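Student:
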Amino acid sequence: MSGPSNHDPGRFHRLASRLLDAVYPPRCGLCGDRLTHGRTLCLPCGDDLPRLCAPFCRSCGEGFDGRIDGDFTCPNCSGVRFSFEFARPALVRDDRTLDLIHRLKYQHEPHLAVGLGIIAREAFDDPRFAPALAGRWPLVPVPLHRARMRERHYNQAEEIAIALSPLIGLPVMPLLCRTRGTDTQTALGRRQRMENLKGAFAPTRLGRKRAKENPQGVVLVDDVLTTGSTMHECAKTLRKAGFRRVFAVSVMRG
Ligand SMILES: [Zn+2]
Ligand SMILES: [Zn+2]
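According to my numbering, the sequence shown is numbered sequentially starting from 39.
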């Protein structure tokens, strides 16, 4: 089975978007201002998006309004044991963030992953990522099914991982593939999502090799974390393949 990077159609899009940048100078994805090279959001717009701030759930990053001393687990996570140790979103949900993610996913604007990747980098200031940074664990994008990949031509999670990679010095590795498509999950509750996703992922050949040679850990990357079911199923698959530790990062907490 071939991983997404073997015939990486995203590479074509990144190249094409660089060529386009040369012809049409890039503009901020939110306010439309002209940009300096290598960005897709201007600094004020990027800085203005709502960061996830403490206190938040140690498992899934769900924010909590008000004061709380010490750790807490949110209602989403109470009673579940996720296969990842923690998931750390960079942003909380708001209209602009949702709009950017929606355009990245459905409106063929893969270049927005650059700006979102720059913001996702801030999640790595969370000290819990220290072992991943020290051990140079790979970034593993949550994979898309081949059929979805064919219509979208790129995987938004992989584009975010590619943007993140040089900023934190971790390599991107397609260690997972999606073995079957799943219906859209948006209308489902967490329990149904978990059922719906069972067995939807498998390690790639590279994933099995890496798990044998260097099983220390991996960092899963996705655009949005909603109930944590997708990250959980991916983490479960990676743990089963032999990886000892799985952390997760997402651009936004949905
Ligand atoms: Zn702007
Ligand atoms: Zn939680």
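Ideal placement from N, C-alpha and C gives every residue a C-beta, glycine not left out.
Model, not experiment: these values are computed from the prediction.
Thinking C-beta only, is residue 201 closer than 7 Å to residue 155?
Tutor: Closer than 7 Å, so yes.
Student: Decide if residue 50 is buried, meaning its Cβ has at least 16 other Cβ atoms within 10 Å, or exposed.
Tutor: Classification of residue 50: exposed, given that the 10 Å Cβ count is below 16.
Student: For residue 164, collect the residues of the same chain with a Cβ closer than 8 Å to its Cβ; drop the 5 residues on either side in sequence, then sort them by chain order.
Tutor: The answer, listed in chain order, is 126.
Student: Return the first residue and the last residue of the beta strand (DSSP E) that residue 261 is part of.
Tutor: Start and end: 255 to 263.
Student: Kindly examine ligand 1 and report whether one of its heavy atoms sits closer than 6 Å to the Cβ of residue 71.
Tutor: Yes, since a heavy atom of ligand 1 falls inside the 6 Å radius drawn around the Cβ of residue 71.
Student: Would you check whether ligand 1 has a heavy atom nearer than 6 Å to the C-beta of residue 142?
Tutor: Answer for residue 142: no, Cβ out of range of ligand 1.
Student: Should residue 226 be counted as a contact of ligand 1 given a C-beta to heavy atom distance under 6 Å?
Tutor: No; taking the cut-off as 6 Å, the Cβ of residue 226 has no heavy atom of ligand 1 nearer than that.
Student: Go ahead and pull the three-state DSSP assignment for residue 218.
Tutor: The answer is coil: DSSP assigns residue 218 none of H, G, I, E or B.
Student: Can you give me the C-alpha to C-alpha distance between residue 258 and residue 128, rounded to a whole angstrom?
Tutor: So the two alpha carbons sit approximately 14 Å from each other.
Student: Our contact map puts residue 81 next to residue 134 with C-beta atoms below 8 Å; I'd like the distance itself, whole angstroms only.
Tutor: Residue 81 to residue 134, Cβ: 15 Å. No contact.
Student: Leaving aside the five residues before and after residue 43 along the sequence, list all residues of the same chain whose C-beta is less than 7 Å from its C-beta, in chain order.
Tutor: Residue placement at residue 43 is poorly supported in this model, since its pLDDT is 48, which falls under 50; the coordinates are not used for a value here.
Student: Tell me where the beta strand (DSSP E) around residue 179 begins and ends.
Tutor: Note, residue 179: beta strand (DSSP E), 177 to 179.
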